[in-house]
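These notes concern the structure reproduced below.
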Amino acid sequence: MTSENHLVAALRASSAGRAEAVFARSANGAMLSYGDFFAGAEKIAAALVGLGVQPGDRMAVQIDKSLEALQLYVGAVMAGGVFLPLNTGYTAAEVAYFLTDAAPTVAVCDPSRHGDLAPIATKAGVAHLMTLDGAGEGSLKDAADAANAGFVPLPRGEDDLAAILYTSGTTGRSKGAMMSHRNLASNASTLATLWGFTKDDILIHALPIFHTHGLFVATNVALMSGCALHFMPKFNADQVLTAMPNATALMGVPTFYTRLLKSPELADASRNMRLFISGSAPLLAETHDQWRDVTGHAILERYGMTETNMITSNPLDGDRRAGTVGFPLPGVEVKITNPESGDAVPNGEPGVIEVRGPNVFSGYWNMPEKTKEELRENGFFITGDIAVKDERGYVSIVGRAKDLIISGGYNVYPKEIELLIDEVDGVLESAVVAAPHPDFGEAVVAVVVPQAPGSVEIEAIQAAASTGLARFKQPKHIELIAELPRNTMGKVQKNVLREQFKTLYK
Ligand code: MCA
Ligand code: AMP
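The number in my numbering is simply the position in the sequence shown, starting from 1, with 161 added.
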């Protein structure tokens with residue numbers, strides 16, 4: 162029986178004996194030390210246990226980004242709980258699904274949403290709906306303030322769950338990816354070493370903290386290396402540029418880089434930085450080249466998934482090749498396979514990426530059948546991304562076997578939107594595709610067939626989307642057409658629609 166909390170011990174190791182070291186500097190200049198960060202997390206853990214949280218209980222959290230929100234993440238894990246972060250853009254209808262599916266003991270929301278969510282939480286059997294706002298105030302903070310200091314993290318082993326992250330699926334139903342202490346600790350430790358992070362780094366943190374990139378890649382890597390964060394509530398190009406001269410590294414989605422490239426100050430501001438990392442969506446080779454021309458730095462592109470954490474990375478030392486996502490991480494096996502046979506394809510031929518290692522999740526919450534479809538018995542997870550490996554071992558992602566749109570780093574599953582649109586009165590059917598977009602990479606476009614001419618207005622579809630879907634999932638363009646293009650088998654030809662809309666934003 163383990164006596165320590167595996168993930169918390171790993172996250173604390175680098176700052177042991179350095180309680181005074183800066184963990185985070187906020188946009189307003191306020192500093193938070195490592196000692197105070199963990200002391201605050203302990204108080205939250207004590208408050209959660211006081212509310213009745215037992216090891217293994219889920220804690221659903223839909224709150225604005227703040228340092229207290231990060232303390233809540235670490236505090237939830239200290240309490241032996243399973244942290245379940247939710248995109249702040251999710252509507253009440255979306256949150257209802259997550260609460261019902263995951264059955265958390267405690268949910269935490271912004272005070273402004275308490276009224277909205279209280280009946281939903283009650284219906285889902287949530288025992289406590291607490292609040293925490295973007296300034297770190299709320300009923301959870303009050304409970305933490307009243308709790309005793311010095312909470313000792315509850316023992317949790319490598320196989321115990323630390324988090325569940327929901328990821329939408331091609332069936333339109335979100336799946337909760339179960340992440341163990343080992344999954345999170347091993348990946349962050351590998352990345353911190355691979356990318357050369359030390360306690361002297363200062364990482365600009367402008368990503369949201371409800372997804373893998375901002376929470377497990379940026380935050381865990383920083384904690385594990387004992388470095389400092391420039392902590393920003395959200396991405397703002399001017400704020401990032403202002404922070405750069407006093408920072409060493411940035412992690413972002415491609416939209417960060419295309420937006421930063423618009424600034425004439427970029428060349429000067431980036432002079433002292435040592436590393437720019439991109440992921441979550443494809444970085445255009447053109448953006449990579451422009452960045453190198455302006456700053457002299459080659460962006461390090463890496464690739465991962467919610468279910469697997471990070472899988473591949475370009476090298477820190479060596480050639481960071483534009484248009485590739487680099488090599489498998491140390492300790493992570495990557496196979497490129499024929500989707501029918503599951504056999505590995507020869508180098509240079511496209512196939513589906515499969516991945517096995519300590520980073521790979523243990524399955525989907527309450528969905529054994531879905532788990533079986535995507536996670537082979539031999540431990541390989543089928544990513545649904547199509548890639549080729551070249552003779553030097555660099556992996557390039559060349560397509561997706563799954564119907565997925567990535568907009569500004571957020572995943573949007575067309576099926577979910579099509580199901581919602583098809584329910585609108587007067588709609589016969591719909592198809593949702595991506596159109597290339599200069600800012601978001603891909604934009605969501607909905608093509609809708611009315612039951613009869615004039616049977617539905619675009620406004621009615623927009624209204625349904627805004628009630629049912631987070632803003633980033635809502636179609637940026639809706640087009641009514643008489644019928645969808647189909648092949649001889651009757652399957653909708655999304656490639657024809659993609660072709661039709663490929664210059665919409667050009
Ligand atoms: C905002 N909007 C969006 C998006 N973000 N629409 C589509 N896609 C988006 N990503 C909407 C806004 O609601 C607004 O709508 C309009 O677009 C313009 O908003 P703007 O102010 O320009 O947006 P922003 O607030 O600056 O946000 C853009 C952003 C943000 C900074 C790129 O989306 C972001 O932080 N993305 C990062 C996502 C991320 O962390 N992904 C990692 C997932 P309106 O004006 O009409 O209201 S983890 C992952 O993928 C794996 C594991 C991995 O490998 O990392
Ligand atoms: P999610 O599971 O929602 O976090 O999204 C993971 C998906 O994002 C992957 O399956 C890929 O399709 C995509 N992705 C992540 N990083 C990259 C990258 N560097 N290049 C291309 N696609 C990426």
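The beta carbon of each residue, even a glycine, is placed where N, CA and C say it ideally should be.
No experiment lies behind these values; they were computed from the predicted model shown.
- Around the Cβ of Pro443, a 10 Å sphere holds 16 or more other Cβ atoms; the residue is buried.
- Taking Pro614 as reference, the option from Ala592, Ala596, Val588 with the minimal CA-CA separation is Val588.
- Shown here for Met528: same chain residues with a beta carbon closer than 7 Å to its own, the five before and five after excluded, namely Lys336 in chain order.
- Contact between Asn470 and Phe377 holds: their C-beta atoms lie close to 6 Å from each other, under 8 Å.
- Counting other Cβ atoms within 10 Å of its Cβ, Lys663 stays below 16 and is therefore classed as exposed.
- Arg219 is classed as buried because its beta carbon has at least 16 other beta carbons within 10 Å across all chains shown.
- The continuous stretches of beta strand (DSSP E) do not include Phe377, and DSSP gives it neither H nor E.
- Less than 8 Å divides the Cβ of Arg317 from the Cβ of Gly241.
- Straight-line spacing of the CA atoms in Ser341 and Met650 works out to 43 Å.
- In the three-state reduction of the DSSP assignment, Tyr525 falls in the strand class, which pools E and B.
- Checking the DSSP bridge columns, you'll see Ser194 partnered with Val183.
- Between the alpha carbons of Arg553 and Ala268 lies a gap of roughly 48 Å.
- When C-beta atoms of the segment 353-368 are compared with those of the segment 397-413, three or more pairs fall below 8 Å, so the two segments count as touching.
- Closest in alpha carbon position to Lys496, among Ala428, Ile543, Gly457, Arg453, is Ile543.
- Distances from the alpha-carbon of Arg173 to those of Pro519, Val653, Gly387 put Gly387 closest.
- Comparing alpha-carbon positions, the option among Ala310, Arg561, Asn344 lying closest to Leu326 turns out to be Asn344.
- With respect to the C-alpha of Ile547, the residue from Gly509, Tyr571, Glu584, Glu538 having the closest C-alpha is Gly509.
- When C-alpha distances from Met339 are compared across Ala353, Asp320, Ala308, Gly357, the shortest belongs to Asp320.
- When Glu584, Ala279, Val605, Leu436 are compared, the shortest CA-CA separation from Trp356 is found for Leu436.
- Counting along the chain, Asn470 sits inside the beta strand (DSSP E) bounded by residues 470-474.
- In the assembly as shown, Arg186 is a buried residue. Its beta-carbon has 16 or more other beta-carbons within 10 Å.
- Closest option to Gly484, judged by alpha-carbon separation, among Ser523, Pro500, Tyr525, Val549: Val549.
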